[in-house]
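Residue numbers (the working numbering): 3 to 918.
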């Protein structure tokens with residue numbers, strides 16, 4: 003009977019060749035399980051835990067799936083790991099302790115090498131005999147020879163083992179990264195989903211709600227049909243125009259305007275005032291445009307702040323004092339040191355060249371004076387004619403177009419001369435006889451060469467700004483490498499200055515003169531590279547002037563005093579600027595904006611003026627009146643005006659010419675209608691803003707919001723709030739909680755509106771029904787009790803004549819009747835959402851409803867919410883068709899209770915109220 007070796011505990015089939023491989027795999031599994039996106043899903047249901055996930059990942063099938071995509075990195079890690087284990091076994095075999103003979107031989111050799119580095123060659127030959135004699139003595143003794151050889155082999159294997167361990171660790175890390183990215187992480191996600199069950203989408207386990215908490219952040223904005231339509235219309239109106247962005251509140255008009263403004267070269271976004279004055283609005287737009295343009299060009303807008311005389315003087319004086327103190331503190335000390343160092347060289351040059359230079363200068367001066375005197379006396383007619391011609395030519399050169407090229411050439415010449423001076427100062431070292439004689443022996447001075455090489459290496463590592471890497475791994479960062487390079491450079495220079503060659507070069511008598519040439523060259527290079535500051539652009543100056551004119555009252559006065567000492571008279575004249583009137587303000591604004599647009603057009607950029615919140619003006623009549631007042635500033639060439647308007651103003655533009663033309667036809671060039679999002683678009687919005695949010699919750703928030711992005715974001719945040727408050731994660735509980743809370747808030751608003759109507763004792767039963775229903779909803783429990791359901795059905799399928807009687811129903815006013823119908827339709831909509839999302843097995847019921855017809859599509863829930871804003875009667879018909887497709891019971895067919903039962907007085911045993 004054959005015996006089989008027992009399989010190690012870490013082995014799974016034949017996927018791991020050693021315990022090290024199994025440890026790397028387990029580390030990758032633990033890292034993926036500990037990730038926040040996975041950890042949130044563990045422990046939600048009893049069968050889905052970290053232990054069960056690890057156990058599932060250690061099964062043979064899952065290990066095979068995880069390892070298969072990473073076989074190349076695993077093979078490399080296995081090969082290096084086996085090589086490291088072989089080296090460890092050899093090192094364990096050779097490990098025998100360090101023998102005294104090895105210590106003696108090593109110490110002798112090391113001391114001899116150190117002595118050779120600083121000794122002459124004759125002494126070095128004599129000292130080299132010492133380690134040779136020591137090695138011969140060790141070789142003649144068998145025990146010493148064997149011990150030294152074993153120690154040398156062990157020392158040779160230790161660096162190899164260290165390098166092999168490092169390479170194995172890198173390969174293991176690479177295999178682990180490959181496992182986590184391509185093998186384990188996707189498999190862990192599938193394993194966790196399988197442990198959670200088939201309905202894992204019904205769990206609220208979003209990764210992040212950051213996008214919902216930052217609704218105006220551009221990074222979460224997605225592309226939409228309205229955005230693409232607006233971009234096309236802007237492109238078509240190449241020379242500028244006015245485009246209205248129409249849509250209901252919260253549909254995303256402001257976000258669309260801000261996105262277009264961010265894409266433009268220059269943009270101004272302003273808010274329309276709730277109570278408008280055309281003059282004030284235009285003044286505010288004018289000021290905002292000037293300030294935005296100054297910021298766009300890199301200038302600070304002037305701050306018109308009232309300060310005391312002392313503070314204004316301090317603001318002007320302190321920067322000048324700070325600059326002066328810095329120059330004096332460093333400039334005087336630096337200048338004194340430079341003068342002290344160059345004084346001897348300057349005196350030597352003056353002694354050598356002062357007398358010849360003075361003689362030549364005096365000679366040429368006398369010659370020039372004689373020529374001028376002869377011309378003045380009329381003795382040199384030709385020279386006089388040349389002087390006249392030179393003066394005429396000089397006057398004509400005042401407008402010469404090549405002065406800029408001449409100045410540029412002069413700057414280049416200064417840079418070239420400065421570079422030549424520096425190069426000449428350095429090259430003169432090699433032409434100096436004394437320095438050349440000293441440098442001739444440098445090739446025999448090995449320590450000086452080594453120190454010079456080290457100094458140059460340190461200097462070279464200071465220049466490039468990069469890191470030291472090996473196979474993608476960081477060995478030495480930029481900061482650490484810079485510190486090492488500085489230390490190497492300083493230590494090498496300090497040691498190099500102790501060598502005779504370096505001392506001879508540094509103490510050369512001509513070095514001060516060379517330094518003076520280098521400094522002069524640097525000054526010339528600096529002067530050649532200096533460019534005068536550019537003058538402030540015309541449009542920037544114009545914007546600053548307009549800001550002063552529009553935001554300040556400027557006054558100028560002058561006084562004249564005349565008369566004898568005994569009798570004086572004073573005359574004073576004062577001038578002050580007046581604010582521009584409306585036509586002048588319009589003309590000046592158009593002129594300034596035309597200049598800005600022309601400049602941006604030359605740069606192939608676009609100018610956008612976005613006017614938002616025009617729907618805040620109230621009625622469409624006020625919005626159209628405001629548009630009529632400001633249309634004088636529209637139509638500027640190459641300027642695109644984007645105006646956010648309400649739906650009724652957009653409808654007025656659509657009806658242009660039927661039968662009369664209105665203000666929208668003469669003011670607007672085109673219009674973009676921003677429609678509520680479809681279900682797919684809502685999914686994209688929530689997918690960008692709330693990563694990890696499952697599809698049922700996207701459908702629920704879309705249905706409650708009706709596709710309005712602002713409400714969609716609000717309901718997404720409500721999901722996070724409910725989870726944080728109640729710790730609920732199941733779809734049925736969260737959907738009930740959210741729907742009932744939203745219904746409670748809505749009915750509270752309807753009760754406020756109903757309280758303003760006229761009621762009689764016989765019609766007060768309706769108010770009692772609403773009060774009892776509100777009492778049921780105030781319990782804050784996600785359970786839908788039989789009493790609550792009967793109360794919802796009573797209001798949703800209300801029958802005034804059946805509940806109140808013919809005479810009492812006739813006493814209800816028309817306004818109250820409309821409010822009751824609207825409230826009833828909304829309750830019916832909420833009841834439908836409760837029946838769809840508040841029950842389990844949503845996926846199966848959704849497929850069955852979709853198979854019965856198009857009315858079972860979940861997108862119709864959002865359309866029903868939109869229809870509630872149009873008419874409760876058409877919305878009720880649409881909701882009825884949805885309920886039929888989903889096989890939901892009709893309250894009228896099931897029989898309704900005559901009244902709404904009162905709310906329960908005790909808490910729900912499953913969901914008790916939190917303690918106050």
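Note that beta-carbon positions come from the ideal geometry of N, C-alpha and C, so glycine has one too.
Secondary structure at residue 787: coil, using DSSP grouped into helix, strand and coil. Approximately 5 Å separates the beta-carbon atoms of residue 34 and residue 186; this is inside 8 Å, confirming the contact. Note that the segment 828-845 touches the segment 731-742; at least 3 beta-carbon pairs, one per stretch, sit closer than 8 Å. A residue is called buried when at least 16 other Cβ atoms come within 10 angstroms of its Cβ; residue 533 does not meet this threshold and is exposed. In this structure residue 523 is not in contact with residue 494, their Cβ atoms being roughly 26 Å apart against a cut-off of 8 Å.
Its Cα nearest to that of residue 777, the residue 794 stands out among 794, 763, 76 and 246. In this structure, residue 825 sits away from residue 855, with a CB-CB distance that is not shorter than 8 Å. The DSSP-derived three-state label of residue 638 is coil.
In the DSSP assignment, the residues bridged to residue 672 are 245. When 68, 208, 196 and 615 are compared, the shortest CA-CA separation from residue 38 is found for 208.
Collapsing the DSSP output to three states places residue 814 in coil. When C-beta atoms of the segment 233-245 are compared with those of the segment 629-649, three or more pairs fall below 8 Å, so the two segments count as touching. For residue 679 against residue 673, the beta-carbon gap comes to about 19 Å, at or over 8 Å, which does not count as contact. Counting only the Cα atoms, residue 648 lies some 15 Å from residue 275. Residue range 584-604 is occupied by the alpha helix (DSSP H) that includes residue 584. Ranked by how close their Cα comes to the Cα of residue 881, the residues 76, 891, 830 and 417 have 830 in first place.
The residue from 131, 87 and 152 with its alpha-carbon nearest to that of residue 104 is 152. Separation of residue 329 and residue 319 (C-alpha to C-alpha, rounded to the nearest whole angstrom) is 16 Å.
According to DSSP, residue 613 shares a beta bridge with 272 and 645.
Distance from the CA of residue 95 to the CA of residue 87, rounded to the nearest whole angstrom, comes to 12 Å. Its Cα nearest to that of residue 501, the residue 449 stands out among 515, 360, 449 and 548.
With fewer than 16 other beta carbons inside 10 angstroms of its own, residue 355 counts as exposed. Exposure of residue 583 is indicated by the presence of fewer than 16 other C-beta atoms within 10 angstroms of its C-beta. Boundaries cannot be given for residue 224, as no alpha helix (DSSP H) includes it and DSSP labels it neither H nor E. Distance check between residue 605 and each of 505, 281, 712 and 268 places 268 closest, using alpha-carbon atoms only. Cβ contact annotation for residue 518 (same chain, cutoff 7 Å, sequence separation greater than five): 344 and 347, in chain order. Counting of Cβ neighbours within 10 angstroms places residue 49 among the exposed residues, the total staying below 16.
Contact annotation, residue 718 with residue 703: C-beta distance approximately 6 Å; criterion of less than 8 Å satisfied. Leaving aside the five residues that flank residue 762 on each side, the residues in its chain whose CB is nearer than 7 Å to its CB run, in chain order, 813. Residue 612 and residue 258 have their C-alpha atoms roughly 10 Å apart. Each of 552, 333, 819 and 879 was checked against the Cα of residue 284, and the nearest Cα belongs to 552. In the three-state scheme derived from DSSP, where H, G and I count as helix and E and B as strand, residue 732 is classed as strand. Closest in C-alpha terms to residue 289, from the list 550, 748, 416 and 710, comes 550. Nearest C-alpha to residue 756 among 705, 796, 712 and 821: 821. A buried status is given to residue 64, since no fewer than 16 other beta-carbon atoms sit within 10 Å of its beta-carbon.
The criterion of a C-beta distance shorter than 8 Å is satisfied by residue 844 and residue 204.
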